[in-house]
Each structure stands twice: as structure tokens, then as C-alpha cells.
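Numbering (the numbering used here), first residue to last: 93 to 368.
Ideal Cβ placement from N, Cα and C applies to all residues, glycine included.
Step one of this worksheet: look at the structure below.
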Ligand SMILES: Cc1cc2nc3c(=O)[nH]c(=O)nc-3n(C[C@H](O)[C@H](O)[C@H](O)COP(=O)(O)OP(=O)(O)OC[C@H]3O[C@@H](n4cnc5c(N)ncnc54)[C@H](O)[C@@H]3O)c2cc1C
């Protein structure tokens, strides 16, 4: 049943420091940014929590900037800003490709990268890109900041290492050497959750990650090794099948997801080969 908004409390900090202090002193609070995921839960009555912390527009969380050799993208940066960013276009075009296929313009204007990561849906379209870019998730509490390698961030289905007194402040992405590739397979181009989503990098050390094929995003390391040592596509596809664990659900079947994953792998390799 739809949640009555009068039952909800929203704390609105003016800075990151204030947000972290509120989280420490007035918690438990649920951080929200674009609220595109949380609102669905409130609308359907599945979101039972009642006290929220509004991170939308906090200046410290909405920057895209170079920090040393890395690109830092603030957690509350919406997809529309990712799409407009020359730094993203130059350094991680596969993230822009993912952003372009997340929802329609309304969702791209409100939905944020930090929200996609924290929500932890295995179908989150930005997650395979961050996995192959070997990104670092920067978490902050009122007392400390820590960086977690993206591939260690999830501990299970929608479970992460983030503590209740922490929020994601940014994602840091080092230089990505090689050709970047991204492909989402869904029922239609916009507003469709992925049936399978894959991001990859073609380099002497190929990197491959898939979403919607297991409880968390999968970095396909055995498949990567097969390709790196010059194994055939068939060998790599066999390795990939051992690394994914898709299920039947409303959107698709496990068999379809297995078949599409193998096909995407072959397509990635073909489209990024020496003659491409
Ligand atoms: C119609 C529609 C279409 C969609 N299409 C797609 C799609 O194609 N692909 C896709 O991947 N997703 C899609 N989504 C899901 C959603 O838009 C994305 O996951 C989006 O990135 C969520 O960001 P948000 O800022 O709105 O998150 P919110 O709803 O504000 O928060 C989501 C979760 O993240 C937590 N959170 C948010 N920010 C932080 C932070 N900085 N630190 C810690 N925790 C935080 C919240 O507590 C909550 O648990 C769609 C949603 C809708 C409603």
C-alpha cells in the first residue's frame, strides 16, 4: 500500500559535514539522492523506513573532477551530468554509454551513480562498467573516509560493506587502458531493466563484467584469463558459463540469459578486434 508522506521525516543538510553529523547523531537515517529507487518502494509500500537524509545537490557530492591520475565522480552526480561531462567522455565513455540507457530523461535527470551503486541491484547498469574499470568506492562517516575496491564492495544480494553511519561520497576511476565496450539487453531501449548487461575492456589483460546473471555483478576472471592466454572463443564461453548463475524471473529466463551472455562475449571480442 502507498506510504502516506506525512508519516515521513526528511533531514536536509547544507553540506557533506552536516550530513555526516546528522547520520552520526540523529540516525538511523536512510540516505536518498535522486529518490528514484526509494520512491518506488514508498509508492508500493515495500519501503518501511521512515526517516531520510537528503543528499541531493550537496556541492561536495556533485563534482566530476580529476584527482591525480584518477577521475572522481561525486555520488550524487545524476546520469544527465555524466552524459554531458567531457571528462567522462574522454576517460570512461562506457559509463556514458550505460548512463544513456538508464531509464528515460526523467530518470537520467534524477537518478545518481551513488544511488545505483548503493541500491545494489544486480541489474544496475553502471555496475559492470565500474567493475571492469576497477573503480574505488569512497565511503565517508563523520570520523573517517575509506576507499573500497569496487569488486569487494558487494557481499551478497543487495548487501554491501557500507556501515549505517557511512555514505558513498564518490567513485574514483584510474586510467582505463584499452577499448571500452558496453551493451545492455532489455525489452526496449528506455525504461527497461536489463535482462543481461555487460561491460568489457579489450587490452592484453581483457576485463569482463556482467549484470543480471547472479546475485551481484560478476567479474568474469576465468573468462578473462582464457582470452588473455589466447584461448578460443569457445573456451572462453565455456569459462563464462561457469562464472554466471542466472535465474528465471519476471524479465527473462536463466537459459536465455546464459545464451545472451555467451553471444555478448563473442560480440565484444569481434567488435574490439584488431580490424575493428
Ligand atoms: C522508471 C525507472 C526506470 C529505471 N531504469 C533503470 C535502468 O534502466 N537501469 C538502472 O540501472 N536503474 C534503473 N532504475 C533505477 C534507479 O533509477 C537507479 O538505480 C538510480 O541510479 C538510483 O539513484 P537515486 O539517486 O535515485 O537513488 P535513491 O532512490 O535516492 O537511493 C537508492 C538507494 O541508494 C541509497 N543511496 C543513495 N545515495 C547514496 C549515497 N550517496 N550513499 C549511500 N547510500 C545511498 C539509498 O539509501 C537507497 O537505498 C530505474 C528506476 C525507475 C523508477
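Assigned exposure category for residue i - 16 Cβ within 10 Å defines buried
| i | result |
| --- | --- |
| residue 232 | buried |
| residue 368 | exposed |
| residue 342 | exposed |
| residue 287 | buried |
| residue 198 | exposed |
| residue 258 | buried |
| residue 276 | buried |
| residue 315 | buried |
| residue 229 | buried |
| residue 123 | buried |
| residue 250 | exposed |
| residue 220 | buried |
Sheet register partners of residue i (DSSP bridge)
| i | result |
| --- | --- |
| residue 272 | 293 |
| residue 101 | 143 |
| residue 260 | 231 |
| residue 165 | 156 and 263 |
| residue 124 | 146 |
| residue 170 | 204 |
| residue 277 | 288 |
Coil, strand or helix - residue i by DSSP
| i | result |
| --- | --- |
| residue 230 | strand |
| residue 178 | helix |
| residue 237 | strand |
| residue 265 | strand |
| residue 183 | helix |
| residue 130 | helix |
| residue 252 | strand |
| residue 247 | strand |
| residue 94 | coil |
Near ligand 1: residue i beta-carbon under 7 angstroms from a heavy atom
| i | result |
| --- | --- |
| residue 300 | no |
| residue 147 | yes |
| residue 226 | no |
| residue 199 | yes |
| residue 257 | no |
| residue 167 | yes |
| residue 322 | no |
| residue 191 | no |
| residue 122 | yes |
| residue 232 | no |
| residue 160 | no |
| residue 156 | no |
| residue 119 | no |
| residue 94 | no |
**Study point:** Length at least 3, wholly inside the stretch 282-362: the beta strand (DSSP E) runs in chain order
**Key:** 288-294 and 299-303
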